[in-house]
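The structure under discussion appears below in the form of structure tokens.
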Amino acid sequence: MEEGASTFPPYENPKIDEIQIDGLTVVTAEVANIHEGRSPRSHFRIIGGPKTSVAGHTLVYSDTYTRTPEDEVYSYARHNVDQRVLLERLEGFLTSALVTDFAELVHRPATGVMQTADEMTEFEYSGYLEAVDAMKSAPLIFARMNFPFGDMTVEFQHPADIAEDEFRCISEGTLQRDLERPLFAFEATKSDVWTTFLASIHWARGRVQPEVLRQVLKMAARVPA
Amino acid sequence: MKFQLKGIKLDVDVKDGQAAVLKVTSGRAYGHVAQTGKYHHITPTNLVITSSLNDTLQLQFNSGSTWSCTMHFQPKDPGLQMSELLQCVTPKARNQDQIKVSVQDSSAKKQPSPQSDLLTIV
């Protein structure tokens, strides 16, 4: 098999729509009832529309799992910052969040996972900022932090994986499996608070107006009303 | 053999009971076990694990010289284990034999490098 070739076929028969979000043309693609793993899943992605500065590339992906007692929603998108920059911005975001919206987290232990090329370590620190500080000390390929409003994960890699133009597969009635990476991902079942942070590291942040990008990310997060 | 995939650890070993072994005896059967830790990632992933022997002269899976399994992972999934019977047949035909393992991830372009174990036949 060709190196890197996908073992799984592309998604079949996605439902495609073209819409406007605050003046930006985007294409939405949705595949329902994917039966791979323990829960049925619907996959959704928002792709930059034709003739835009982000044409043919996915701005954000999301998955909705049918689970008890409630459906679970996860959202993810490619970021384009290195580990140092991402952790500095995460520190800034958390510092602000701890002061304003999530004061209850200040005295809460932070749990998660840090993974280098050689090992994966589950951690618990006395606070979130201490955990972020610890993440700065090793070259990571993956990390996860658990939050009451929704866990987040982040990958680090260079160079990025850039998927081929989504419109080619769409024109053939399919949706490609390959994802653009490295990804920042979060659970959006209860809150879309991570969309603000994701917008600050998102690959398209220099090409799409910040407020429009946040609207796109919030649309994919699909937090129940 | 250990594979480091983002958000998940995967071990693929020949096992005698619970113990991983690199020495096998002709005439005995072993487990060829693929086992992961908890899935920490948030994106869904399908892993295809393929184990290959050079031939079936000394070692053989139930399925012949190749065994393949697929593991589906979603957020919050616990670890998974899948296994196949590995026979070391009689008579002893050689002193060493090799199992090569490769992993394909449906959502990543880059795959971990294939790995192999050299088993000593006794």
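Residue numbers (my numbering), protein chains in the order written: chain A, 1 to 225; chain B, 1001 to 1122. All C-beta atoms in this analysis are idealised placements derived from N, C-alpha and C, irrespective of residue type, glycine included. Keep in mind the model is a prediction, meaning the values are calculated, not measured.
What three-state label does DSSP hand residue i in the structure shown?
i                       : result
residue 180 of chain A  : coil
residue 142 of chain A  : strand
residue 1038 of chain B : coil
residue 1005 of chain B : strand
residue 162 of chain A  : coil
residue 1116 of chain B : strand
residue 1105 of chain B : strand
residue 133 of chain A  : helix
residue 218 of chain A  : helix
residue 155 of chain A  : strand
residue 172 of chain A  : coil
residue 1014 of chain B : strand
residue 191 of chain A  : coil
residue 117 of chain A  : coil
residue 1033 of chain B : strand
residue 3 of chain A    : The pLDDT assigned to residue 3 of chain A is 41, lower than 50, so where the model puts this residue is not dependable; a value taken from the coordinates is nonetheless given after this. Reduced to three states, the DSSP call for residue 3 of chain A is coil.
residue 20 of chain A   : strand
residue 12 of chain A   : strand
residue 197 of chain A  : helix
residue 103 of chain A  : helix
residue 1122 of chain B : coil
With a cut-off of 8 Å on the beta carbons, I'd call residue i and residue j a contact; round off their distance for me.
i                       : j                       : result
residue 78 of chain A   : residue 203 of chain A  : 5 Å
residue 1090 of chain B : residue 1066 of chain B : At roughly 22 Å, the Cβ-Cβ gap does not stay under 8 Å, so residue 1090 of chain B and residue 1066 of chain B are not in contact.
residue 271 of chain A  : residue 207 of chain A  : Past the edges of chain A, shown from 1 to 225, lies residue 271 of chain A, and the structure says nothing about it.
residue 155 of chain A  : residue 182 of chain A  : 4 Å
residue 216 of chain A  : residue 26 of chain A   : 7 Å
residue 1079 of chain B : residue 1018 of chain B : Not really, about 15 Å apart at Cβ, beyond 8 Å.
Considering Cα atoms alone, identify which of the options is closest to residue i.
i                       : options                        : result
residue 134 of chain A  : A:190, A:41, A:125             : A:125
residue 35 of chain A   : A:59, A:112, A:63, A:26        : A:63
residue 153 of chain A  : A:114, A:43, A:215             : A:114
residue 176 of chain A  : A:17, A:23, A:44               : A:44
residue 88 of chain A   : A:69, A:212, A:130             : A:130
residue 1076 of chain B : B:1114, B:1099, B:1039, B:1028 : B:1039
residue 29 of chain A   : A:162, A:190, A:170            : A:170
residue 1068 of chain B : B:1113, B:1100, B:1117, B:1021 : B:1100
residue 11 of chain A   : A:190, A:192, A:31             : A:31
residue 1087 of chain B : B:1014, B:1044, B:1008, B:1003 : B:1014
residue 39 of chain A   : A:71, A:16, A:8                : A:71
residue 1102 of chain B : B:1064, B:1026, B:1053, B:1120 : B:1053
Could you tell me which residues DSSP pairs with residue i in its beta bridges?
i                       : result
residue 1067 of chain B : B:1051
residue 1088 of chain B : B:1028, B:1059
residue 46 of chain A   : A:28, A:60
residue 1045 of chain B : B:1073
residue 112 of chain A  : A:123, A:145
residue 209 of chain A  : The partner list for residue 209 of chain A (beta bridge, DSSP) is empty, contrary to what the question assumes.
residue 41 of chain A   : A:34, A:65
residue 186 of chain A  : A:75, A:152
residue 1019 of chain B : B:1016
Where in the segment 65–99 of chain A do unbroken runs of the alpha helix (DSSP H), each at least 4 residues long, occur, reported from the N-terminal end onward? 83–99
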